[in-house]
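Worksheet for the structure shown next.
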Amino acid sequence: MLDTTDAVRAALRANDELPYGRTRTVTAEELVDAAEQFDDPELLAFALLELTEAYEYDAEQRKLPVVFARIAKLRTEHPDSFGDWENHATDWRYKWVAAALLSVPDVPLEAVRRWHGELRRHYLERGHDLQPYYAQQYRLAAHTGEGAQDAFELWAGRWRSRYSDCYACELREQARHFVARGEDERALEIWQPVFSGERSCSEEPHTSRALALLPLLRTGRLDEARSAHLTGYRWARGRPAAAEVVGLHLEFCALTRNEPRGLEILAENRDLFDRHGDPLSRLHFLTGAQLLLARLAEDGHGDVPVAGPPGAHRTAAALLAELRTEGDALAARYDARNGTSAVGDARRARLARTPLFAEPLPLGLRATGPAPAAPQPAPATAPAAPADLAELVERARELSTTNHPDAILHWNRIGALIEAPEHRHPEDAEQSGLGSLAQLRAELALERAFESHTPDREAAALYASAAALFEQAGLTARALGCRARLAGPTDDHPGDLPTIRELCAQLAELAEDGTPYGGRELVAVLQLQANTELRALFVATAEANNQDSPNNPTNPDSPDGSDDSRGPHSPHGPGPDPAALAETEATLERLYAEAERHGFPHRQANARLLGARARFLADRHRDESAAFAAADRLMVEAEQLVDRAGAPWRLAQVYGQRGELAMYTGDLTTAERFLRQAAETAAQYGDRSAGTARVHDGLARTYLGLDRPAEAARAFTEAAARYDRNGAATDAASARIMLGQVLCGSGRADDGVAVLETVLLEPAFTELDVREQAQARLNLARGLRELDEPRAAAEEYLLLADQVAGFEERHILTMVAAEAAAALAAAEQWPAADLARQRALDSHRTAPHADAVFDMLLRQARHTADRHGPDHPEAADQALARLDEAADVARTAEREGQDFASGCPDGTLHDTRARTLSALGRDEEALAEMELAIAAFAAYGPGARHGLAESIRVAAILEANRLDRRDAALARLDAAVAEFRTADAEQAAQPLTELRTHLTRH
141 MLDTTDAVRA ALRANDELPY GRTRTVTAEE LVDAAEQFDD PELLAFALLE LTEAYEYDAE
201 QRKLPVVFAR IAKLRTEHPD SFGDWENHAT DWRYKWVAAA LLSVPDVPLE AVRRWHGELR
261 RHYLERGHDL QPYYAQQYRL AAHTGEGAQD AFELWAGRWR SRYSDCYACE LREQARHFVA
321 RGEDERALEI WQPVFSGERS CSEEPHTSRA LALLPLLRTG RLDEARSAHL TGYRWARGRP
381 AAAEVVGLHL EFCALTRNEP RGLEILAENR DLFDRHGDPL SRLHFLTGAQ LLLARLAEDG
441 HGDVPVAGPP GAHRTAAALL AELRTEGDAL AARYDARNGT SAVGDARRAR LARTPLFAEP
501 LPLGLRATGP APAAPQPAPA TAPAAPADLA ELVERARELS TTNHPDAILH WNRIGALIEA
561 PEHRHPEDAE QSGLGSLAQL RAELALERAF ESHTPDREAA ALYASAAALF EQAGLTARAL
621 GCRARLAGPT DDHPGDLPTI RELCAQLAEL AEDGTPYGGR ELVAVLQLQA NTELRALFVA
681 TAEANNQDSP NNPTNPDSPD GSDDSRGPHS PHGPGPDPAA LAETEATLER LYAEAERHGF
741 PHRQANARLL GARARFLADR HRDESAAFAA ADRLMVEAEQ LVDRAGAPWR LAQVYGQRGE
801 LAMYTGDLTT AERFLRQAAE TAAQYGDRSA GTARVHDGLA RTYLGLDRPA EAARAFTEAA
861 ARYDRNGAAT DAASARIMLG QVLCGSGRAD DGVAVLETVL LEPAFTELDV REQAQARLNL
921 ARGLRELDEP RAAAEEYLLL ADQVAGFEER HILTMVAAEA AAALAAAEQW PAADLARQRA
981 LDSHRTAPHA DAVFDMLLRQ ARHTADRHGP DHPEAADQAL ARLDEAADVA RTAEREGQDF
1041 ASGCPDGTLH DTRARTLSAL GRDEEALAEM ELAIAAFAAY GPGARHGLAE SIRVAAILEA
1101 NRLDRRDAAL ARLDAAVAEF RTADAEQAAQ PLTELRTHLT RH
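Quick note on numbering: the sequence shown equals residues 141 to 1142 in this note's numbering.
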C-alpha cells in the first residue's frame, strides 16, 4: 500500500534496485502518481528524477522532455525541496533532454537549437563549465553533417568538468568521430583505455565494443573483433536501450558471413520491433537488420522464416521489404527536419557494405538459425573446371582416384549438368569413355556419400543407390565395392566384418580375371576391412582395460578411411589380443601388396599409416619409446609413398597423424610442427574434411600444453567451426567447451562465459559424457563468479550439484556445494547460502575437499561483513563464526592428512579475519590480526610472497587511512620494499611502491 510518504520512498528505493527495463519504467510512472497524492515537493522531485532515469535507460526519449519540464517547474516553485543530489541530478538531465530532442524527428531543428541555448544559459547561471554544452553541439553537428570537425575541436579541446559525460563515454564519442572519418587506427587507439578496463561505466566498454566491430574487421584484428562481438552482444541482449548496439552486431554477422548467428540475434531481440520511444536508435537497429536480411535474400534465402515483429510470421524477403520501407521513411524524416542528407547518406553507406570474407569468420559459437550461410566459392587452389562434360568427367575421375579435396567440386558440377531437365546424354557415351548416365549418377552418389558431413543414414542410402546404378551400368566390381561400404562401420555400428570379407573375396576373383575396376575396388575394400578390424581392436582393448571405447567413426573413403581410427587416443594398459592384432596386420600387408600390384601408391601410404597405429597400440604397453620409433618409421615411409603418388594434399593426413602421435607421447614441440604442417597443407588444397577439424583440435590442445592460451583459443575456434561444417555436432560442442575453459582460464572470462552459455543450449550438449557436461557447467559458474554475476553463478552451481550428486567421487559434490554457498552469499541470498554451506559441511565430513570448504567459509565471512557492516552485531558474530569454522577445517585437514593446497592457510586465515574485522569497524583488532598474517606468510617462505605483500599493503592502508598513522604506514612500506628487492622480488615490491607514492601525494 502506497498510502504514506515512507511507503512511497521505500518503493522508490526498491525500484531503484531493479534492472532498467519495462517493469522498472512502469513502476516509476506509478510511483510518480503515488507521490502526487501528498503535498511533499521533495518526494515528488525524487520520483520524477527517478522516472527520467528510467526513461533514459529504457529508450523512452519521446517521454523524457515532458517529465523534465515538470522537474524544472517544480524546482522553480520549490527550490528548498531540492538538495545537493536533486540539484545535481536535475542539471545533469539537461544533457539527456538535448539528446532526446535530437533523437525525435518530429522535434524541429530550431527547437533542438533553442534547448542547446537554454542548456548553455542555465550552466552559466549555475556556474558550470560549458564543456558539456560543446559536447552537445558536436553531436548535433555530427548528426546533421554540418560543421562536425569544427564542433569536434571546440568540444574535444576543452578540459573535462563536473558535468561532462563519464570519461569512457567521451572516449567513445571521440573514437566514433574518427571512425566516421575512416581513421580506424586512430579510433582504436583512442578506445584503448576503454577496452583495457582502465575507463568504464554502466555502458562501457560494451557500447564501444559494438562500435569498434567494423574498424577491428577492417584493420584485420579478427581475434579482437570476435571477442568484441561475444562479450558486447551478451551485454546488449534483451536491453531496450541497446537497439543501436544490437543493430551493429547484426551488421557484424552480415559482414562476416555469420547470417545464421544474425538470425538468432534477431529472434532474441524481436521485442525491439515494438519499441518506438527512441527513433534514432530504432533507425540504427532497422539498418543493421536490413543489411543482414539483404545478404540472405541476395544469397537465395529470401524464403527462410525469420523473427520479425511479434504476432506475425514473415520470410526474410517480406521482412526486408518492411524494414526497407520504414527505414527509408524514417531517415527521410530526419533529413527533412535537418535540411541535409547526412542521416540518409550514412544509412545508405551502411547498407552498401558487403561481406569482408569469402567464408564465415569462426566465432566459437554454434548458430542454429534456419538459414545456412551463403554458398562459398571454391578454394583458390581449385583447378578450373573444363567446360566440356567429357573433359569434366575425365578430370573428376582423375581427382577422385587420389582423393583430391576438389574432386567433389567437379562432381557437383557434373551433377548440375546431368540432372538438368535439358540434358541429353551422348549416344556414344560408353564408347567414348564418358560412361552411361547410370554410371555417372552412381559415381556422383558415391562421391556425395564420401563427404564427411554426410550423415550415416544418408550415406547408406547413397551407397545403396550407387550399387544399384553400377549394376545397371554393368560395373559389377564397383557395385560390390558400394555394398562393402554399406557394411562398414558408422558412428553407431562397428561394421559387418564377415560381409566385408566375403565381398573382398569376390573382388579378389574379379581382379584376378581382369574385370574393370576389380583391382581398384579390391584395394579400397581391403582398406575398409583393415580399418574395421583396427577399430574393433581398439574397442576390445579399451573394454579389456575397463575404459570408455574410443569414438572412431569410420568412413573408408572420406578421404579414404585411414584417418578415422585414432590410435594415439586409444586406452592405456595391456596391449591388444595377439591373434586379432596378427589378423589385422596380415590384412594391412595384403593391402600394401595389392595396392602396389595395382598401382595405387597413396593406398600403400594408407596401409603404412594404419600399420603405424596398429604397431603403436601393440607395443606401447611394453616400451612406449620403441613403439613410437616403430610407428614413426612407418609414417616416414607413408610420406615417401605420398610423394611418389604425386598427391601432396595427402600429406595433411600424414602430418596430422605424426602430430597426434607426438602429442600423445608428450613431445609438444614436435607435435606443433607436424600439426601446423598438416593445417597449412589442408588449407593449401582446400581440404574441408573431418580430419582437418581434428588437426586444429589437436593443435589447440598442443598450444594449451605449451601454455599459449591465445593460440589455443584461436585453434579451438577453428576446430569447432570445421566440426560444425562436417556435421560433427558433439565434437564441435566439445571443442567449444575447451574454448570456453581456455578463455576463462586466461583472463578472458567474459569471452568464455559467452561461449559456454551457448554450448549448454546446444542439442549435442546432452549427448556428451556427463562428466564433460559437468566440467562445462563448472567452468561457466566460475566464469560468472569472476564477472561478478553471483546470482547467475549460483544457479549454475545448484544445477551442477544435482548433476554430480550421483558421482562416485563424492568430494566433487563437496566442492560444488561449497562454491555454490559462496556464490549465494555473494548474491546476498542468505537463507539459501546457509543451506548450501551446511550441505557442503555435511558432505565434507564424509568426502573431504578442504580447499573448497576453507575458501567457501572465508568468502562467506567477507560477504557477511561487507554487506552488513558494523551496525549489525548479529552479522558480525556470523562472520566471525565462519572464520572459526574455516580454522577448524584447516586444523582437521592437517591432522588427518587431507589434500589441502591452500598455500599458507594460517596466513590466509589471519588476513581474511583482519579484513572482516575492518569491515566491521574494528580497525585496531584488524591491524593486530594482519600482523599475525604477515608473520605467518613470512614464516612460510618464498611461496607465500604474494600473500605477504598483499597483507603488508592492507596493513599500511589501515594505518594510514583508518588509524591516522601515516608515518608508520610509510615506514612499513619502505622496509617491505627494501626486503623484497633484496630478495629480487620486484613483482611483490611494485604494488607497495605504488601505494607509497599514492600516500605521499595525498
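Cβ atoms here follow ideal geometry from the backbone N, Cα and C, with glycine treated the same way.
{"Asked": "List, from N- to C-terminal side, the alpha helix (DSSP H) runs of 4 residues or more that fit wholly inside the stretch 416-494.", "Found": "419-438, 456-478, 482-491"}
{"Asked": "Applying the 10 Å Cβ sphere with the 16-neighbour rule, what's the burial state of GLY1047?", "Found": "buried"}
{"Asked": "Using the three-state DSSP reduction, which class does THR628 fall into: helix, strand or coil?", "Found": "In the sequence as displayed, the identity of residue 628 is Gly instead of Thr. Three-state result, GLY628: coil."}
{"Asked": "Rounded to the nearest angstrom, what separates MET1155 and LEU1098 at their Cα positions?", "Found": "Only positions 141 to 1142 of the chain appear in this structure, which leaves residue 1155 out of reach."}
{"Asked": "At which residues does the alpha helix (DSSP H) containing THR681 begin and terminate?", "Found": "658-684"}
{"Asked": "Cα-Cα, which of ARG999, ALA154, LEU403, THR954 is closest to GLN978?", "Found": "THR954"}
{"Asked": "What three-state label does DSSP hand TYR863 in the structure shown?", "Found": "helix"}
{"Asked": "Could you check what DSSP says for TRP295 in three-state terms: helix, strand or coil?", "Found": "helix"}
{"Asked": "Among TYR234, GLU157, GLU265, which one has its Cα closest to the Cα of ALA252?", "Found": "The sequence given here has Val at residue 252, not Ala. Comparing Cα positions, the closest option is TYR234."}
{"Asked": "Measure the C-alpha to C-alpha separation of ASP1028 and ALA973 and round it to an integer number of angstroms.", "Found": "20 Å"}
{"Asked": "With a cut-off of 8 Å, do at least 3 Cβ pairs link the stretch 413-427 to the stretch 435-445?", "Found": "no"}
{"Asked": "Under 7 Å Cβ to Cβ from ASP717, same chain only, skipping five residues before and after it: list those, please.", "Found": "ALA680"}
{"Asked": "Given ARG202, which residues of its chain have a CB within under 7 Å of its CB, disregarding the five upstream and five downstream residues?", "Found": "VAL244, GLY417"}
{"Asked": "With a CB to CB cut of under 8 Å and the five nearest residues on each side skipped, what residues in its chain are close to LEU615?", "Found": "GLN579, ALA582, PRO656, TYR657"}
{"Asked": "To the nearest angstrom, report how far apart ALA916 and GLU170 are at their CA atoms.", "Found": "43 Å"}
{"Asked": "I'd like the ranges of any alpha helix (DSSP H) spanning at least 4 consecutive residues and lying wholly in the stretch 928-993.", "Found": "930-944, 950-966, 970-986"}
{"Asked": "Would you please state the rounded distance, in angstroms, between the beta carbons of ALA1096 and LEU1113? I believe it to be under 8 Å.", "Found": "5 Å"}
{"Asked": "Would you check if the distance between the CB atom of SER505 and the CB atom of VAL895 is smaller than 8 Å?", "Found": "Residue identity check: residue 505 is Leu in the sequence provided, not Ser. Contact flag set, yes."}
{"Asked": "Cβ atoms of GLY387 and GLY428: under 8 Å apart, would you say?", "Found": "yes"}
{"Asked": "Give the secondary structure of PRO245 by DSSP, where H, G and I count as helix, E and B as strand, and everything else as coil.", "Found": "coil"}
{"Asked": "Pull up the distance between the alpha-carbon of ASP827 and that of TRP789, whole angstroms please.", "Found": "8 Å"}
{"Asked": "Would DSSP call ALA589 helix, strand or coil?", "Found": "helix"}
{"Asked": "Which ranges would you report for the alpha helix (DSSP H) in the stretch 1009-1056 if only whole runs of at least 4 residues count?", "Found": "1013-1036"}
{"Asked": "Helix, strand or coil for GLN1127, going by three-state DSSP, please let me know.", "Found": "helix"}
{"Asked": "Between which two residues does the alpha helix (DSSP H) holding LYS203 run?", "Found": "Where LYS203 is concerned, there is no enclosing alpha helix (DSSP H), given that its DSSP letter is neither H nor E."}
{"Asked": "Write down every uninterrupted run of the beta strand (DSSP E) in the stretch 252-335 whose length is 3 residues or greater and which is fully enclosed by it, in chain order.", "Found": "none"}
{"Asked": "Would you call the stretch 291-306 in contact with the stretch 320-334, where contact means no fewer than 3 C-beta pairs closer than 8 Å?", "Found": "no"}
{"Asked": "Buried or exposed: which applies to SER983, given that a residue is buried once 16 or more other Cβ atoms fall within 10 Å of its Cβ?", "Found": "buried"}
{"Asked": "Answer yes if the stretch 264-284 comes into contact with the stretch 453-470, meaning at least three C-beta pairs across the two stretches below 8 Å, and no otherwise.", "Found": "no"}
{"Asked": "Take the Cβ of PHE1077 as the centre, count every other Cβ of all protein chains shown within 10 Å, and call the residue buried at 16 or more, exposed below.", "Found": "buried"}
{"Asked": "By DSSP, does ASP636 sit in helix, in strand, or in coil?", "Found": "coil"}
{"Asked": "According to DSSP, simplified to helix, strand and coil, what is SER874?", "Found": "helix"}
{"Asked": "Between the alpha carbons of ALA291 and GLU325, how many angstroms are there, rounded?", "Found": "22 Å"}
{"Asked": "Identify whether GLU736 lies in helix, strand or coil by the three-state DSSP scheme.", "Found": "helix"}
{"Asked": "Return the first residue and the last residue of the alpha helix (DSSP H) that ASP1114 is part of.", "Found": "1106-1122"}
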